[in-house]
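Participant:
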Amino acid sequence: MRPPEGTPQGERSVASMGRRAGQGLNPFAPLPDGASGGRGVPPEWAAPAAEYGELQRLVDAVFEDAPGGMVSRMDLVLRAQLVDLPDDLAEVVELMPSGSYTRPRLCDQMNSIITAHGWGSVYGTVQ
38 MRPPEGTPQG ERSVASMGRR AGQGLNPFAP LPDGASGGRG VPPEWAAPAA EYGELQRLVD
98 AVFEDAPGGM VSRMDLVLRA QLVDLPDDLA EVVELMPSGS YTRPRLCDQM NSIITAHGWG
158 SVYGTVQ
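Counting in this note's numbering, the final residue of the sequence shown is number 164, and the numbers go up one at a time with none missing.
(1) Exposed or buried, Arg116, counting other C-beta atoms within 10 Å across all chains shown (16 or more means buried)?
(2) Between which two residues does the alpha helix (DSSP H) holding Tyr160 run?
(3) For Gly136, which residues from the same chain have a beta carbon less than 8 Å from its beta carbon, with the 5 sequence-adjacent residues on both sides left out?
(4) Can you list, in chain order, the residues of its chain whose CB lies under 7 Å from that of Val99, leaving out five sequence neighbours each side?
(5) Given a threshold of 16 other Cβ atoms within 10 Å of its Cβ, counted over all protein chains shown, does Leu126 qualify as buried or as exposed?
(6) So if DSSP puts Ser109 in a beta bridge, which residue, or which two residues, is it bridged to?
(7) So, are the CB atoms of Leu122 and Leu143 less than 9 Å apart?
(8) For Tyr138 and Gln146, what's the separation of their Cα atoms in angstroms?
(9) Need the endpoints of the alpha helix (DSSP H) that Leu95 sits in, please.
(10) Given Ala88, which residues of its chain have a CB within under 7 Å of its CB, disregarding the five upstream and five downstream residues?
(11) Ordered along the chain, which non-local residues of its own chain (more than five positions away) have a Cβ less than 8 Å from that of Ile150?
(12) Taking just the CA atoms, how far does Arg140 sit from Asp102?
See below:
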């Protein structure tokens with residue numbers, strides 16, 4: 038696609054960004070200022086939930102008593118049931134594969150699940 042007349046080479050207008058022949062705007066392109074509440078303002082569904090950070094507290098608690106720095110999926114599931122996590126967060130725990138985890142490995146796996154659901158900004162990620 039060519040830039041509009043008078044546009045220096047290599048620059049394009051916001052309206053032309055993300056367009057391809059026969060297609061509309063790219064849904065993943067950044068919104069211009071003032072659109073949908075303004076740049077940097079997350080939509081209502083992406084605002085932090087009241088349960089933000091609950092998974093981090095769960096990870097901290099399960100590794101407090103971990104012998105040798107390893108926990109099993111079962112340890113995680115039981116601890117999650119004890120603290121009565123909300124359904125979405127319980128789903129993250131239930132989706133963890135079987136096995137034993139070091140803290141970095143457990144966090145990587147859990148963050149992958151959180152990210153795949155698009156819940157990072159809603160419930161937070163773990164470290």
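For every residue, glycine included, the Cβ atom is placed at its ideal position computed from N, Cα and C.
Facilitator: According to the structure shown:
(1) buried
(2) 157-160
(3) Ser109, Arg110
(4) Val108, Asp112, Leu113, Arg116
(5) buried
(6) Ser137
(7) no
(8) 9 Å
(9) 91-101
(10) It should be noted that the sequence gives Glu, not Ala, for residue 88. Closer than 7 Å at Cβ, skipping near neighbours: Pro123, Leu126, Tyr160.
(11) Val129, Leu132, Met133
(12) 12 Å
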